[in-house]
Every structure is written in structure tokens, then in C-alpha cells.
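Chains as they are written, first to last, in the working numbering: chain A, 2 to 508; chain B, 32 to 196.
Ideal Cβ placement from N, Cα and C applies to all residues, glycine included.
Since we're looking at a predicted model, the values are computed, not measured.
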Amino acid sequence: MLEGIMIGLEAAFSVQNILMVVFGCLIGTFIGMLPGLGPMSIIAIMIPVAITLGDPAAALILLAGVYYGAIFGGSTSSILLNAPGVAGTVATSFDGYPMARKGQAGKALTIAAVSSFAGGTIGAILLMIFAPALSSVALLFHSAEYFALMVVGLSAIAAFAGTGQVGKALMMTLLGLILATVGEGALFSMPRFTMGMMDLQSGISFITLAMAMFALPEALFLVLNPARGASNAEGGSNKITNLRFSRAEGRAMMPVIGRQSIQGFFIGVLPGAGATIASFLGYAVERNLAKGEEQAEFGKGSIKGLAAPETANNAACTGSFVPLLTLGIPGSGTTAILLGALIALNVTPGPRLMTDTPEIFWAVIISMFIGNLVLLVLNLPLIPYIAKILSIPRNYLIPFILFFTLMGAYIGQNNATELLILVGFGVVATILRFADYPLAPLLIGFILGTMLEDNFARSMQLYQGLGFILERPMTLGLLVLAMVLVLLPSFRARRARKRAEGVADGD
Amino acid sequence: MALDRWIALIFVLFCCVYGYAAFFTMDQLLPPFMQRNPVWPSTFPKVLAVLGVIVGLVVLLGLEKTDDSAASPSATEINYRRLHEYKLGQALMLLALMVLYALMLRPAGFLISTTVFLTAGSAILGERKFHVMIPVAVFATGFVWYLVQEVLGIFLRPFPFFMGM
Chain A
2 MLEGIMIGLE AAFSVQNILM VVFGCLIGTF IGMLPGLGPM SIIAIMIPVA ITLGDPAAAL
62 ILLAGVYYGA IFGGSTSSIL LNAPGVAGTV ATSFDGYPMA RKGQAGKALT IAAVSSFAGG
122 TIGAILLMIF APALSSVALL FHSAEYFALM VVGLSAIAAF AGTGQVGKAL MMTLLGLILA
182 TVGEGALFSM PRFTMGMMDL QSGISFITLA MAMFALPEAL FLVLNPARGA SNAEGGSNKI
242 TNLRFSRAEG RAMMPVIGRQ SIQGFFIGVL PGAGATIASF LGYAVERNLA KGEEQAEFGK
302 GSIKGLAAPE TANNAACTGS FVPLLTLGIP GSGTTAILLG ALIALNVTPG PRLMTDTPEI
362 FWAVIISMFI GNLVLLVLNL PLIPYIAKIL SIPRNYLIPF ILFFTLMGAY IGQNNATELL
422 ILVGFGVVAT ILRFADYPLA PLLIGFILGT MLEDNFARSM QLYQGLGFIL ERPMTLGLLV
482 LAMVLVLLPS FRARRARKRA EGVADGD
Chain B
32 MALDRWIALI FVLFCCVYGY AAFFTMDQLL PPFMQRNPVW PSTFPKVLAV LGVIVGLVVL
92 LGLEKTDDSA ASPSATEINY RRLHEYKLGQ ALMLLALMVL YALMLRPAGF LISTTVFLTA
152 GSAILGERKF HVMIPVAVFA TGFVWYLVQE VLGIFLRPFP FFMGM
């Protein structure tokens with residue numbers, strides 16, 4: 002491990018890569034602050050840039066920097082405007098915005114930055130410990146286990162979608178898998194479902210799909226409903242003056258940060274959970290743990306209430322890299338996009354990543370430390386200036402968002418038909434969002450689709466049929482787990498309903 | 032029927048078409064040597080089509096109980112039942128503008144089509160200060176073109192087709 006860290010330090014501390022971290026964090030903060038552009042959209046827009054870099058380590062470092070920056074930027078707009086740019090920072094606005102209204106915007110931002118830093122750093126340390134361990138276990142996996150593992154991942158993403166959403170999430174996952182079968186796969190070298198269209202021969206481009214699923218609907222929502230993303234505040238306090246917090250407040254935050262870094266990290270590791278759930282859960286846990294007056298403070302500008310979701314969401318972001326780097330299975334929309342970028346750069350993340358290309362693996366982890374430091378040291382003092390971007394009129398902003406979305410799809414393919422596909426998918430995605438269908442499962446399904454089929458076919462060929470399910474106990478176990486994950490939520494809902502009915506009868 | 036159920040219905044129909052293609056149109060094209068493989072190109076799509084129909088029906092028939100107690104969405108949340116209150120016209124015009132941009136990008140060149148796109152986009156949104164918007168659009172277009180062409184090294188045809196490049 003020490004050797005790996007040295008390799009990582011060497012790679013991450015090259016001038017190019019440090020520039021990438023700084024640049025990525027700045028861009029991420031900048032765009033993440035804009036209402037309606039989440040980390041997924043920003044990363045999707047940055048992918049063509051990252052791919053042209055050519056160096057996978059630099060590309061991943063850049064994108065990871067953008068990811069952190071976007072989360073940090075999202076917290077800033079949550080605190081200043083009560084307009085979270087990212088779902089993961091909604092919980093931040095519960096206490097961050099009341100603090101800003103009390104004239105403590107500067108202090109709130111500092112607390113957010115310090116807790117993010119702590120969450121991210123502790124998360125990165127945990128990642129250093131757990132990723133290599135998981136990698137060595139994963140090396141024992143065969144294609145049958147991989148197939149089963151991907152099924153578990155996809156089921157978990159659906160299972161964590163929330164009450165009444167499991168079916169919809171599964172539907173979107175399947176749609177993603179179906180879209181992945183379009184085109185000439187590497188497996189059979191025969192075109193499938195192209196309907197005779199040349200442009201579909203190479204399949205649907207994942208950048209186009211990512212843009213269409215996230216960036217375009219968000220931009221359209223901003224057009225449709227101007228109230229969205231606008232400042233909810235009457236007058237909102239945009240003045241950022243005193244950035245300091247007192248020592249006593251620091252001491253009060255410490256245990257919160259400690260608990261939430263660890264909790265957030267492990268929630269982040271779970272597929273489908275991620276920053277949003279981590280931040281809400283972190284907030285709820287800390288509110289329950291707080292006593293008396295402190296608990297009453299929650300929602301009115303509590304320091305603990307701000308530190309908890311901020312720590313948890315950053316730790317969860319780091320945690321979500323564990324399944325990506327060790328298994329090559331993304332657990333969230335954002336890591337799915339990162340996986341797509343890596344595949345485009347001819348790197349296949351998975352357990353072999355650590356042994357085959359240690360410089361990539363370790364450089365990414367080391368760059369997480371640098372990224373967190375950059376956010377704290379560089380971005381925090383710049384926040385009063387970066388926050389000016391929030392005052393750009395939407396009439397100027399929206400055309401630019403649309404333009405960057407189009408450019409992202411165009412640069413990758415150099416094909417104007419791609420833009421039409423983008424608009425078409427974008428409209429479909431907007432309708433799906435209107436009907437409350439989650440879109441991240443679609444993208445994850447799309448990205449995993451090829452690998453899922455590949456591993457499925459390989460195990461079928463190896464065992465001349467479906468025998469691998471019964472002959473490999475781990476595969477069977479994982480598939481059973483996937484079943485349980487999908488069926489459990491509806492079983493529990495039914496039991497709860499039965500119990501509720503029972504009570505009513507008793508009366 | 033709520034919008035999400037309509038979508039589920041469309042999805043089920045889509046899966047039927049997809050399944051039809053997988054079950055009945057793909058296997059004839061298979062070369063004989065591949066027919067001895069346990070996996071055919073159509074195997075995975077067949078599984079997906081069947082699963083898709085099942086899951087689609089679950090959503091369509093509302094077998095999974097939804098949480099009705101969820102609070103009514105806030106003003107900033109997006110909700111199709113309030114579509115008439117939204118600026119639908121602007122959104123549709125922007126979509127049309129994007130399609131137009133896609134069609135014009137090659138023939139008119141990057142510089143002209145992008146400047147027009149940015150200016151027209153903000154005009155659709157109600158901007159009337161053209162003395163600000165046009166210079167901003169021209170500058171931004173030039174800047175992005177320089178970045179993409181010179182820094183990233185991706186060719187973008189800058190001028191209209193009749194100017195040779």
C-alpha cells in the first residue's frame with residue numbers, strides 16, 4: 002500500500018495533474034452553483050475535455066475535481082439562496098439558509114467548507130483502506146459473479162429509489178439496458194435494433210444520453226418554471242462578511258463531523274444510496290442525537306445541522322468511488338458517467354485496475370486529498386467573488402447552458418445527427434421527469450448493459466447454459482440477494498399495511 | 032389515468048415491439064456456426080423484453096402501492112399538472128431553435144450559427160437589450176471556438192460552406 006501511495010503521490014503531484022485538480026474544482030464550484038446544473042450534467046459537459054486530454058489519470062483527476070467542486074458549489078447556493086443546485090445539498094439549506102438570513106452567511110460557508118473538507122478527507126482515508134481490500138476479494142470473481150454482482154447493483158439502485166418508486170426505477174433500468182443493446186456490440190459483430198440507420202450502427206453515445214437525461218431537462222425546467230432556481234428569499238442576504246467561527250463552535254462540530262464522515266462514507270459505498278440519502282440521513286441522525294436546546298436549534302440555523310449533511314455528502318461522494326474503482330460497477334449516476342469516461346479512455350475499472358495501472362488508481366485517491374484542500378484553501382476565500390455568478394440574468398444563462406449541452410454531445414462525436422438524437426432523448430427525459438421517473442437508473446443500466454451482457458454470455462459459454470447459476474454458490478447467493486432487494490420494499494409495505502388494517506379492525 | 036401510467040403503457044408496448052424484433056426477426060439472420068452457441072445475439076434482448084413487460088405491467092396496474100401521503104409539491108418543484116402555468120411556448124421555441132442549430136451547424140459554420148443561437152435563445156426568453164447580448168454572444172462564440180479548435184484540437188468548421196473551409 003505504501004508503495005502505491007508513493008506512486009500516487011508522484012503522479013498526482015505532477016504540474017499537469019495539480020492544475021487539473023485546481024481547474025476542475027474551480028469549474029465545478031462555478032457551475033455547481035448555478036441552479037439546475039447538478040454534478041452529473043457538469044461532468045457530462047466536461048467529458049469531451051477530459052477525453053481529449055488523453056491521459057486517463059489526468060482525466061479522472063479532472064472529473065473528480067469537478068465532482069467535488071460541484072457539490073461544494075451546490076452548498077454555496079443552498080446557503081446563500083436556499084436554491085440547492087444539487088439534490089445532495091438540499092439538507093444543507095435546512096440550516097445553512099437560516100444562518101445566512103441571520104447575517105452569518107460567511108460563517109455558514111466556512112462551516113460548510115470545513116465539514117466538506119473533513120468529510121472528504123476522512124472518506125479518502127477510508128477509501129485507501131477499503132478499496133485495496135475489496136479489490137483483492139474481487140480478483141477471485143469470475144464472469145458469472147460479475148454478472149450476478151451487476152444484477153445486485155442494478156437491483157439495489159432500484160430498491161433504494163424510495164416508496165412506490167421501485168417499479169419505476171426498475172423500468173428505467175430495463176430501458177437503459179434495452180438502449181444499450183442498440184448497435185453493433187463487440188460480442189456478436191452484427192448490428193442489432195439499428196432499424197437500418199447508419200448513425201445507430203455504433204450504438205447510442207453515452208455522453209449524448211447523459212446530456213439528454215440530466216442537463217437538458219434541468220435547463221428546460223428552468224425555462225418552464227422561472228420560480229425554480231430563483232432566489233426564494235425576499236432580499237436574501239448575499240453579503241458575505243465574516244468567515245470565522247468560534248472555537249466553542251468548532252468543538253461542538255467535531256463529534257458530528259467524526260460520526261458523519263464514517264456514516265456518510267458507508268452509505269456512499271452502497272449502490273444507489275449516495276450523497277442525497279447520506280445527507281438527509283446524517284441530518285436526521287444528528288437531530289435525534291442532539292439534546293434539548295440544541296435540538297430546537299435544528300432548522301433555525303444550527304451549526305450541527307449544517308455540519309452534518311455537509312460532512313455526510315462529501316464522505317458519500319468519496320465512498321461512491323469504492324465500487325467504481327474496485328469492481329468497475331458504478332453505484333450512482335455520477336460514477337456511472339465517470340465509468341463511461343474511463344471506458345472511452347480505454348481503461349476498464351475493476352479489481353485489476355489497482356495491479357495493472359496503479360498510477361491511475363492511486364493518483365485518483367491522492368488527488369482527492371488535494372481536491373479537498375483546494376476547495377478549502379482556494380475556493381473558500383474566492384466564494385464572495387464566485388457568488389457573483391448567481392446574479393447573471395437567466396436570459397443570458399439558459400442559452401449558454403443549452404449551448405454547452407449541445408457542444409458536449411457534438412465534440413464527442415463530430416456528428417450533427419447526434420444533436421438531433423440529443424434533443425429527442427431530452428424531450429423524452431423531460432416527460433419522464435414530469436411523471437416522476439428516476440433517470441439515474443436509466444443511465445446506469447445503459448452503461449452496465451454491455452458489460453452485463455458480456456459477462457452473461459461468457460458464463461453461458463463456459464458452462465454451456467444456465468448451469469453457472471447453480472454451480473457457483475456465490476453467483477446464486479448474489480442473485481438471491483438481488484431478488485430480495487427488489488421484493489423486500491413491497492413486502493414490507495404490504496406488512497405495514499396489514500398491520501395498520503389490523504389496528505383499525507381492533508378498534 | 033395519470034401520466035406515469037400512460038408512460039408505463041407506452042413502455043409495455045415498446046417492450047412488445049422490441050420483444051417481437053428479438054424473438055421473430057433476429058434469429059433467421061444468424062449464421063449456422065453461431066447457432067450452436069448457448070448465447071445468441073437475441074438471447075439478452077429476449078430476457079429484457081420479458082422482464083420489461085412484467086415490470087411495465089406492475090407499474091401500469093399500480094400493483095406497487097405508492098405513498099399518497101407525500102406532501103403536495105412546492106412551487107419550485109416541477110409538476111405536469113401545472114403545465115399550463117409554465118412557459119411552455121418558450122421551452123418549445125428553444126427546442127425548435129436547438130433542432131435548427133443542429134441542422135445549420137455544418138452548412139452555416141460554427142461561428143455564425145452559434146452567435147445566432149445564443150442571441151435568438153435569449154431573445155426567446157425575453158431579452159431585448161441586443162446591444163449587450165450580441166457582443167456577449169460574439170465574444171463567447173469566438174472564445175469557445177478558440178478553446179475547442181486550438182486548445183483541444185478538435186476541428187470545428189468556422190465559416191459557411193461556400194467559404195471553402
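Nearest to residue i by alpha carbon, out of the options?
| i | options | result |
| --- | --- | --- |
| Ser73(B) | Phe457(A), Leu463(A), Glu472(A) | Phe457(A) |
| Phe193(B) | Thr172(B), Ile185(B), Arg137(B), Val175(B) | Arg137(B) |
| Leu171(A) | Thr146(B), Ala80(B), Pro62(B) | Ala80(B) |
| Leu519(A) | Cys46(B), Leu92(B), Arg36(B) | Limits of chain A in this structure are 2 at one end and 508 at the other, which puts residue 519(A) out of reach. |
| Leu339(A) | Ile43(A), Met7(A), Ser78(A), Ala12(A) | Ile43(A) |
| Met124(B) | Pro63(B), Pro189(B), Phe148(B), Leu61(B) | Phe148(B) |
| Val375(A) | Gly9(A), Ile6(A), Ile19(A), Tyr464(A) | Ile19(A) |
| Val43(B) | Ala53(B), Arg67(B), Leu82(B) | Leu82(B) |
| Val286(A) | Gln465(A), Ile263(A), Pro272(A) | Ile263(A) |
| Cys26(A) | Ala71(A), Val16(A), Gly9(A) | Ala71(A) |
| Ala159(A) | Leu271(A), Gly425(A), Leu307(A) | Leu271(A) |
| Leu180(A) | Val152(A), Thr209(A), Ser190(A), Tyr69(A) | Thr209(A) |
| Tyr51(B) | Pro69(B), Val84(B), Trp37(B), Arg67(B) | Val84(B) |
Would residue i count as contacting chain B if we go by Cβ distances under 9 angstroms?
| i | result |
| --- | --- |
| Lys301(A) | no |
| Val91(A) | no |
| Leu471(A) | no |
| Glu235(A) | Any reading at Glu235(A) must be qualified, since the residue scores a pLDDT of 39, below 50, and its modelled position is unreliable; no value is offered. |
| Tyr438(A) | yes |
| Gln465(A) | yes |
| Glu146(A) | no |
| Gln462(A) | yes |
| Thr182(A) | yes |
| Phe194(A) | yes |
| Val224(A) | yes |
| Ser392(A) | no |
| Asn18(A) | no |
| Thr418(A) | yes |
| Gly427(A) | yes |
According to the neighbour-count rule (16 or more other Cβ atoms, all chains shown, within 10 Å of its Cβ), is residue i buried or exposed?
| i | result |
| --- | --- |
| Arg496(A) | exposed |
| Ile130(A) | exposed |
| Gly97(A) | buried |
| Val485(A) | exposed |
| Tyr438(A) | buried |
| Lys169(A) | buried |
| Tyr132(B) | buried |
| Met198(A) | exposed |
| Ser76(A) | buried |
| Ser206(A) | buried |
| Arg248(A) | exposed |
| Lys108(A) | buried |
| Ser515(A) | There is no way to answer for residue 515(A), as the model of chain A reaches only from 2 to 508. |
Identify every residue that forms a DSSP beta bridge with residue i.
| i | result |
| --- | --- |
| Gly466(A) | Per DSSP, none; premise fails for Gly466(A). |
| Pro192(A) | Glu185(A) |
Can you find a CB in chain A that lies within less than 9 angstroms of the CB of residue i?
| i | result |
| --- | --- |
| Glu95(B) | yes |
| Val169(B) | no |
| Ile185(B) | yes |
| Gln59(B) | no |
| Leu34(B) | yes |
| Cys47(B) | no |
| Asp51(B) | In the sequence as displayed, the identity of residue 51(B) is Tyr instead of Asp. Not an interface residue. |
| Gln66(B) | no |
| Tyr177(B) | no |
| Ala139(B) | no |
| Phe54(B) | no |
| Leu44(B) | no |
| Ser103(B) | A caution first: Ser103(B) carries a pLDDT of 44, below 50, which makes its placement in the model unreliable, though a value can still be read off. Not closer than 9 angstroms to any Cβ of chain A, the Cβ of Ser103(B) fails to qualify, so no. |
Confirm the yes/no value for this check: CB of residue i, any heavy atom of the ligand COA, distance under 8 angstroms.
| i | result |
| --- | --- |
| Glu95(B) | Summarising the ligand content, the structure contains no ligands, and the ligand COA is consequently not present. |
Note down, in chain order, all residues in the stretch 141-158 of chain B with a beta-carbon under 9 angstroms from any beta-carbon belonging to chain A. Listed in sequence order: Thr145, Phe148, Leu149, Thr150, Ala151, Gly152, Ser153, Ala154, Ile155, Leu156, Gly157, Glu158.
Check distances from the C-beta atoms of the stretch 40-53 of chain A to those of chain B and list, in chain order, the residues that come in under 9 angstroms. Taking 9 angstroms as the Cβ-Cβ cut-off against chain B, the residues of the stretch 40-53 of chain A that qualify are Pro49, Val50, Thr53.
Scan the stretch 157-172 of chain A for residues whose Cβ lies nearer than 7 angstroms to a Cβ of chain B and list them as they occur along the chain. So the close ones are Thr164, Gly165, Val167, Gly168, Lys169, Leu171, Met172.
Under 7 angstroms (Cβ pairs) to chain A, residues found in the stretch 70-91 of chain B: Cβ proximity to chain A below 7 angstroms picks out Val70, Pro72, Phe75, Pro76, Leu79, Leu82, Gly83, Val86, Gly87, Val89, Val90 from the stretch 70-91 of chain B.
Using a Cβ cut-off of 7 angstroms, which residues of the stretch 303-331 of chain A contact any Cβ in chain B, in chain order? Against chain B - using a Cβ distance shorter than 7 angstroms - the stretch 303-331 of chain A contributes no residues.
Below 8 angstroms between beta carbons is the criterion; list the residues of the stretch 94-126 of chain A that meet it against any residue of chain B, in chain order. Cβ contacts with chain B: none found.
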